[in-house]
Amino acid sequence: MQNEARKIKAKDILDDMGIKDIHYLGQGFEGVVFHDNAHVYKVIMPFFKGKNKWSTYRHLTFFFEKEDFKSFYHLEEVIEYQNVFIQKYKYEPSTPVDKFTQKDIILFLTECWQKKIIVQDCKKENFIRVGENLKLVDMDASVYYSDNLFLNACIRMYLFLHEQDNPQLKKLQRSAVNNFDLPQLEGAREFINEVFSSIIFAESKIAFQDMLINKFSNLEYEIYNAKTLPHLEDLFFSKIKENLYLCDIQISDIILNENNDFEPRLIAIGYKNLTPIKEKVSLLIKTCAQDVQTIEANIKHIVKQLSCPNGFYEVVVSIDTKQGDFARQFTDNADFEKLIDVVENLRQKRIIDRFVIYDTDETTRINKEWFNVETSQTHSATNIPISSQLYAFEKCEGDYVLQMDSDVLIGRIDINHSFLTDMISEIQKNKSVLFVGFNIYNQESKAYFGFENGGFVPEVRMGLFDKRRLFSVRPLPNTIDENLKLQLTWYRSLEKLQKDTGFCSIRGGDRRSYYIHPQNYRKTNAYSWMNILDRVEQGCIPNLQFSEFDCNGSFYEWCAPKRSEKMIVLSCFKDLSIHKFLRMWFSLISQTFQEFGVIFYDDCSNSGISIFIEQIIKPYKDRVTFIKGRTLQTKMQCEYLAIHYYCDNPESIIVCVDTDDALIGKEALFDIYKKYDMWGVDMTCGRVHQTYRLGPHYRYPVNFMEPRKTGGNVWQHLKTFKKYLFDSVPLSYFMYEDKEAKLSKRKWIEKCDDYAMMVPIVEMSSSPLQMDFINYYYERDYDKKDANREIKEQSIKEILEKPQLSPKDVVKGRKKFLSNLDMIEIDITFECNLKCKGCNRSCGHAPSAEVMTIDDIRHFVSESKFLDKKWKLINILGGEPTLHKDFLCIVEILQIEYADSFYSDVIIQVVSNGFTKQAKELCKQAELFKNVRIDYGSFKTKNLVDYFTPFNDAPIDDINFKDADYSAACWVASYCGIGLNKNGYYGCSVCGSIDRVLEGNKGVKSLKEVTAEKLQEHFKEFCKYCGNFKDYASNRGDFIPRCEKAPFKEKISSSWKQIYDKYKRRYE
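To convert, take the position in the sequence shown, counting from 1, and add 49; that gives the numbering used here.
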């Protein structure tokens, strides 16, 4: 476009301003452009008149701020002279743009996003090329950013790139406005994915642009790139065989690769040299078939934790051949063949050197050589394995054997501490020492002790012995019983020899290396003790573990470090690539808002990614809690564990980011925080760029009013919420409904965790909000976008059918529980043959012959039928219910006179201790009735039950509960139902048992008189004495699975001592 008169007029204006020696550059619809070799001057002289000044020139404000962009000039001045505006910016020599490259366009669009502007006219004539960079020179067609305008701008530029020779380009571009399905746009989705990835990369650069590799002088390094990097876990264990211990990973030179991931060109892996010791030491790990679920994780943990600073001569696994009826059995899923397969795989990967399967033909010989007895029995009278372990001792080739159970949890305060040198030295210095126990977690190191009077029983769970010395003291003292079983285990036999001969087994040592033994009740659900194993491995040990052999404290107490920041970012993953992790990680740590903590949850990855992550996050270790799961779980369970157990501030903003996705823009978290801080919102859902889908308009409008209508689109990333909202969601909402399964046995929702969380959270929210702009990069494989569709649909259906919640259901602090009037627990007797410590029926401390008669049961049935009461569950318990002389008759009445004739859907459950053969037989007979179920999980082998609550620790005796609202009750009321015993109906069965001992006779005498108000009075009266109320306070009164509870320690507080004293005086 050339207009000579316009050009002269513009030059005259500049001349009048004193701007001389100018050179003409060109003109367009908006103005005429000159330069003086220092600056460019654009005299605004639009062809089209009539707009007001602001409407015409407000776009110039986008360029006032001085910013470090390659595509845009900084407007140094906008001068108004003779009612004309003149733009002034830096002049640079340049060349015209003859065509766009993809690199040009990606950079330009990235910087448009960063400036939050849309340049509407992007033809090549509006750009110049300065060196390699594209520069916009027509600043007059820019408008404020919106997602829709930006996506359309991307499409225009895509067409400029791919259709620039098309004579109908302009027509095609105008056809493509909000119409992204044109055949010419076939590759546009991938192109826009690249644009957003470039945005993430540019916004994250501050986090990695100065990252260099600084090698430690005491380590050896190998340099890899992303393509040559081996499987990290395989590398870790293979290097141990080379006397190298991987302990450092550094990266540098980060690029955005062809897959839109962050790829380091240099990866430096550092190794510590392991110091061989002159003595040959065998590491022996003992296992059996019931360890199958966790044995791979156990062995890897042991080898990892013990292989520095000295390597072992050999690593051997001993496998007991017993396949059932285990001592202290914790699972019904033992699998001998699978165990062998897992261990063989570890051998092939050179994590272990070999494994030994016990040869039962050797039993007689072993018993003769070790104990001088004639028997072919492999286990002791108490069912403890003997001959298989001694066989393994014989097969070890080392001079010394460090033997341990496969379940030990090993901690290292200092990986450089040579525990082997310490332990071997004690044996060599003291000829009377047979065994050196591995140390436990102590506050201070201790000199070894136990040299006198035979010392301690040899530490069977983890200890070192001199093979030659141990074998020289055989045969060990032992005898056999009438069944030819050994009376003593090998370690008790050795203890007896020590007492008789002056030999000894010692304990103590340097606190920097230690082990912890997990009780079997913790293993009933592997996630619990595997998470504790992870905490031990990472050195996150609660102080209550000091001086304890067995694992102390509850699962909740082990879940540390807990996060309490204003904002907590939760990210769960499995088998993630390092490139995708780095994309997410750098997008996170580059955020301008930094008042956040992070929880990473690795759900049992097999790729070794955790080794990489734990090294990369080291500079941020105080802000990151890294959970390395060893058992595969659903994502929903991982998120629940992370939020519920590792976050302790109910006001924290929880931000959920999948680790294979990323935040778009370094202001993403600040934008969210502002909404909470200034607008008082309590949850947000974001706007997401989906890599597998493209459209001009945002496709997910949110329905906050009715989220159960197809999910209301409230699931979408970036999802955030206050922790107290998550805590208010009933646990059952994250699980499939199963009326026959206990809550702890139900299956977690498999897919669509975002629905499971966000639908109830939105229902309870008082101030929800959807964010204004796309802030989340959601990557899924295009070809797999419809994978697992059937499971997803099933999960969504299950989620949406849960009862609706509301803001009234929000709970801050302890939850309030009401009696479940659809379930009932009937204590048919208070007699018991075990009288367990901590019994919440007081069967041991306050025994009673009080029973429910057959007439009582028939009255309950007839009243239930008369009132049309359809019980979902009738629990028969006590005391020990099978001790009731009419036990089977009672079961029969409930089956025939209630279930068969009135309500066939009822579940009749028997809770027995199963301690005697008679109890087991009666349970089998009861189970023949159609509606009867036996709670086998309640069977016991002793009267000390590790997972019991200290029932007699009354909260009324604890000053911390002086203001407690006892009417709130605990989960027992809601999950187990009301109680019934000889004295009437109660808010829960425990209330009834307390009233029995107090002899208050406050039971409601008939079912028709039962009201919520009367049951609430029971809670006020009896919960102040109940240890359940106190013990479940850590979970706000809610359910705690057995595997998560602290080990039982009996405590009888002052109120209970008085109550029991009075009871005994009455009946003496």
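Note that beta-carbon positions come from the ideal geometry of N, C-alpha and C, so glycine has one too.
Quick caveat, the model's predicted, so the values are computed rather than measured.
query = For ALA383 versus VAL405, is the C-beta distance shorter than 7 Å?
reply = Here residue 383 corresponds to residue number 334 of the sequence shown, with the count starting at 1. Here residue 405 corresponds to residue number 356 of the sequence shown, with the count starting at 1. Going by C-beta atoms, ALA383 is not nearer than 7 Å to VAL405.
message = Assuming contact is defined by CB atoms lying nearer than 7 Å, are TYR1074 and ILE1043 in contact in what I supplied?
response = Counted from its first residue, the sequence shown places residue 1074 at position 1025. Counted from its first residue, the sequence shown places residue 1043 at position 994. Yes, Cβ-Cβ distance for TYR1074 and ILE1043 is below 7 Å.
query = Given GLN686, which residues of its chain have a CB within under 7 Å of its CB, disregarding the five upstream and five downstream residues?
reply = Stepping through the sequence shown from its first residue, residue 686 is reached at position 637. TRP797.
ask   = What are the boundary residues of the alpha helix (DSSP H) that includes MET813?
value = Here residue 813 refers to the residue found at position 764 of the sequence shown. Taken as a continuous stretch (DSSP letters only), the alpha helix (DSSP H) holding MET813 covers 802-813.
ask   = Sorted by chain position, which residues of the same chain lie with C-beta nearer than 7 Å to ASN698's C-beta, five sequence neighbours on each side aside?
value = Position 649 of the sequence shown, counted from the start, is the residue given in the question as residue 698. Excluding positions up to five away in sequence, the list reads SER613, LYS772.
ask   = For the stretch 272-350, which segments carrying the alpha helix (DSSP H) assignment without a break, of at least 4 residues, lie completely within its bounds, in sequence order?
value = 281-289
query = Is the beta carbon of PHE286 less than 7 Å from the beta carbon of LEU332?
reply = For this step, residue 286 is matched to residue 237 along the sequence shown. For this step, residue 332 is matched to residue 283 along the sequence shown. Taking 7 Å as the Cβ cut-off, PHE286 and LEU332 do not qualify as a contacting pair.
message = Tell me the residue span of the beta strand (DSSP E) that contains ALA496.
response = Counting from one through the sequence shown, the residue named residue 496 turns up at place 447. Start and end: 495-498.
key: the stretch 279-293 / the stretch 223-238 touching (three or more Cβ pairs under 8 Å)   = no
task = Could you tell me which of ARG403, PHE379, ASP1014, THR380 sits nearest to ASP390, measuring between CA atoms?
result = For the purposes of this step, residue 390 is taken as residue 341 along the sequence shown, with counting starting at 1. When each option's Cα is compared against that of ASP390, the closest is ARG403.
GLU126 - partner residues in DSSP beta bridges = Here residue 126 refers to the residue found at position 77 of the sequence shown. According to DSSP, GLU126 bridges with LYS137.
key: Backbone CA spacing between GLU243 and VAL647 [nearest angstrom]   = Numbered from 1 along the sequence shown, position 194 holds the residue referred to as residue 243. Numbered from 1 along the sequence shown, position 598 holds the residue referred to as residue 647. Each residue's Cα considered, the two are about 27 Å apart.
ask   = Using the beta-carbon count (16 or more within 10 Å), is HIS1067 buried or exposed?
value = Mapped onto the sequence shown, residue 1067 falls at position 1018. Per the 10 Å Cβ criterion, buried.
query = Roughly how many angstroms lie between the CA atoms of PHE505 and LYS321, to the nearest whole one?
reply = Residue numbering aside, residue 505 sits at position 456 when the sequence shown is read from its first letter. Residue numbering aside, residue 321 sits at position 272 when the sequence shown is read from its first letter. Distance between the alpha carbons of PHE505 and LYS321: 36 Å.
ask   = Under the DSSP definition of a beta bridge, which residues are partnered with VAL704?
value = Counting from one through the sequence shown, the residue named residue 704 turns up at place 655. For VAL704, which the question treats as bridged, DSSP gives the partners VAL618, THR769.
ask   = Does the distance from the CB of MET807 to the CB of LYS857 come in under 7 Å?
value = If you number the sequence shown from 1, residue 807 lands on position 758. If you number the sequence shown from 1, residue 857 lands on position 808. No, they are not a contact pair.
message = I'd like the ranges of any alpha helix (DSSP H) spanning at least 4 consecutive residues and lying wholly in the stretch 468-498.
response = 468-478
inquiry  = For TRP728, count the other beta carbons within 10 Å of its own beta carbon; 16 or more makes it buried, fewer makes it exposed. Which is it?
reply    = The residue given as residue 728 occupies position 679 in the sequence shown. Answer is exposed; the Cβ neighbour count stays below 16.
query = Buried or exposed: VAL763, going by 16 or more other Cβ atoms within 10 Å of its Cβ?
reply = Indexing the sequence shown from 1 puts residue 763 at position 714. By the 10 Å Cβ count, VAL763 comes out buried.
task = Mind reading off the beta-carbon distance from TYR1118 to ALA87? Whole number of angstroms is fine, and I expect it under 8 Å.
result = Outside the displayed span of the chain (50 to 1117) sits residue 1118, for which this structure offers no information.
C-alpha gap between TYR407 and TRP419, whole angstroms = Here residue 407 refers to the residue found at position 358 of the sequence shown. Here residue 419 refers to the residue found at position 370 of the sequence shown. Their backbone Cα atoms lie some 16 Å apart in a straight line.
request  = List the DSSP bridge partners of VAL1118.
outcome  = With the chain covering 50 to 1117 only, the question about residue 1118 has no answer from this structure.
ask   = Hey, ALA376 and LYS534: beta-carbon distance below 7 Å or not?
value = Here the question's residue 376 lines up with position 327 in the sequence shown. Here the question's residue 534 lines up with position 485 in the sequence shown. Their beta carbons are not under 7 Å apart, which means ALA376 does not touch LYS534 by this criterion.
ask   = Rounded C-beta distance between ILE241 and LEU818? I'm assuming under 8 Å.
value = Your numbering for residue 241 matches position 192 in the sequence shown. Your numbering for residue 818 matches position 769 in the sequence shown. In fact, because the Cβ distance is near 26 Å, the residues do not count as touching under 8 Å.
query = Which value, in whole angstroms, describes the spacing of the CA atoms of LEU926 and ARG584?
reply = The sequence position of residue 926 within the sequence shown is 877, counting from 1. The sequence position of residue 584 within the sequence shown is 535, counting from 1. When rounded, the distance between both Cα atoms is 38 Å.
query = In chain order, what residues of the same chain lie with their CB nearer than 6 Å to the CB of TYR804, ignoring the 5 residues before and after it?
reply = Taking the first residue of the sequence shown as position 1, residue 804 is located at position 755. So the qualifying residues of the chain are GLY760, TRP764, ILE845, ILE848.
message = Looking at chain D, is there any beta carbon in it that lies within less than 7 Å of the beta carbon of TRP797?
response = In summary, chain D is missing from the structure at hand, where a single protein chain is found.
key: Any alpha helix (DSSP H) of 4 or more consecutive residues that is wholly inside the stretch 961-1046   = 966-975, 1020-1025
request  = Compare the C-alpha of THR159 against each of PHE121, LYS1100, TRP539, SER1016 and name the closest.
outcome  = Walking along the sequence shown from the start, residue 159 turns up at place 110. Measuring from the Cα of THR159, the nearest candidate turns out to be PHE121.
Same chain, Cβ closer than 6 Å to LYS572, five either side skipped, listed in chain order = Against the sequence shown, residue 572 aligns to sequence position 523. Cβ neighbours of LYS572 beyond the five flanking positions: PHE379, TRP578.
request  = Kindly indicate which three-state DSSP category SER562 falls into: helix, strand or coil?
outcome  = Position 513 of the sequence shown, counting from 1, holds the residue named residue 562. SER562 falls in the strand class under three-state DSSP.
inquiry  = Between LYS800, ILE873, TYR825, which has its C-alpha nearest GLU839's C-alpha?
reply    = Looking up residue 839 in the sequence shown gives position 790. The shortest Cα separation from GLU839 among LYS800, ILE873, TYR825 belongs to LYS800.
Helix, strand or coil at TRP764 [DSSP, three-state] = Your numbering for residue 764 matches position 715 in the sequence shown. Coil.
ask   = The beta strand (DSSP E) with ASP1080 in it runs from where to where?
value = Here residue 1080 refers to the residue found at position 1031 of the sequence shown. Premise fails: ASP1080 lies in the alpha helix (DSSP H), 1076-1080, not in any beta strand (DSSP E).
message = According to DSSP, GLN452 sits in a beta bridge with which residue or residues?
response = Stepping through the sequence shown from its first residue, residue 452 is reached at position 403. DSSP lists LEU333, GLY512 as partners of GLN452.
task = Going by DSSP, name the residue or residues bridged to ASP1061.
result = Locating residue 1061 in the sequence shown gives position 1012, where the first residue counts as 1. Looking at the sequence shown, residue 1061 is not Asp but Ala. Paired residue(s): none; ALA1061 is not in a bridge.
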